[in-house]
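Chains as they are written, first to last, in the numbering used here: chain Y, 4 to 166; chain F, 160 to 299.
Reading through the structure tokens given below for one structure.
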């Protein structure tokens, strides 16, 4: 057996073994990261008539996996734990402390492209007992595969209303 | 005049669609506890509230909640198993179907191993509810 033939046979054998080790239905992991993301946003409580400028700061601990699925779809697996607190800058030192903490996990599969997840966190303060929530928006960038985080305010816990 | 008619038709087509529903559906079926081999005959109900909408460009805005509660008896152990889960699904996705997975523990009232059930909540391209399925595992 000459050297060129041996090399070709070895290449074919190697390629076949690799193909055999990877089932056609396998999903491919594209990203697996864990990180702490500092958060900051100034929000108005939309459940109250008066204006507030509540300066929230805190951290989101984020675990993220991105998978390429056999049909070409994207699978995004996210778990996060967020802790925020802040005071109303319009009241200064007299402001109560507002806090929002919570954990959420989402495992979702969709066609390739940009997507956004919305995770609602109940805001607690001594000033009011209402339905004030922060929405943690996680914007998925299909090019970088990363999530960009931001905060908004809502007077809802995100539950759908009956039609 | 022709140009106006074409434009008006386009506007009609471009109106956002919505898929809203509030349904409670009983279910029953068998699953296997892969931790001990029990066959568990489950029965329960699934309550789904769906308030989804699709933008003219096909983007799907999801605002859904799925509550699953069920009980079952294992064979041959005769143990009682319980599962209950509320899943909220809020997000914005590219045109096309969307699948949410939610893995939850199935608890038994005896010495049999607990196991896990992953629910697959499927939504169609128009935001309506597709079928829900589940599979069990013994990890973790």
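Positions of the beta carbon are idealized from the N, C-alpha and C atoms, including for glycine.
Keep in mind the model is a prediction, meaning the values are calculated, not measured.
The alpha-carbon of residue 291 of chain F is positioned some 12 Å away from that of residue 187 of chain F. At the C-beta level, residue 88 of chain Y and residue 59 of chain Y come within 8 Å of one another. Distance between residue 270 of chain F and residue 233 of chain F, taken at the CA atoms: about 12 Å. The C-beta of residue 288 of chain F has 16 or more other C-beta atoms within 10 Å across all chains shown, which makes the residue buried. DSSP, read as helix, strand or coil, puts residue 203 of chain F in strand. Chain Y has no Cβ within less than 8 Å of the Cβ of residue 186 of chain F.
Straight-line measurement puts the Cα of residue 254 of chain F at about 5 Å from the Cα of residue 217 of chain F.
Under the 8 Å criterion on CB atoms, residue 120 of chain Y is classed as interfacial with respect to chain F.
DSSP places residue 253 of chain F in no beta strand (DSSP E); its state is neither H nor E.
Residue 260 of chain F places its beta carbon less than 8 Å from that of residue 279 of chain F. For residue 199 of chain F, the closest C-alpha among the options F:223, F:283, F:284 and F:272 is that of F:272. Residues of the region 217 to 228 of chain F with a Cβ closer than 7 Å to any Cβ of chain Y, in chain order: 222, 223 and 224. Proximity of residue 291 of chain F to chain Y, defined by a Cβ-Cβ separation below 8 Å, is not satisfied. By the neighbour-count criterion, in which a residue is buried when 16 or more other Cβ atoms sit within 10 angstroms of its Cβ, residue 32 of chain Y is exposed. Contact between residue 201 of chain F and residue 190 of chain F holds: CB atoms are separated by about 6 Å, below the 8 Å threshold. A contact is defined here as three or more CB-CB pairs under 8 Å, and the region 66 to 79 of chain Y fails this definition with respect to the region 87 to 105 of chain Y. Counted as a single uninterrupted DSSP element, the beta strand (DSSP E) harbouring residue 84 of chain Y occupies residues 77 to 91. Residue 210 of chain F places its beta carbon 8 Å or farther from that of residue 49 of chain Y. Among the residues facing chain F, residue 54 of chain Y is not included, as its CB has no counterpart in that chain under 8 Å away.
Restricting attention to Y:154, Y:120 and Y:36, the CA atom closest to the CA of residue 43 of chain Y is found in Y:154.
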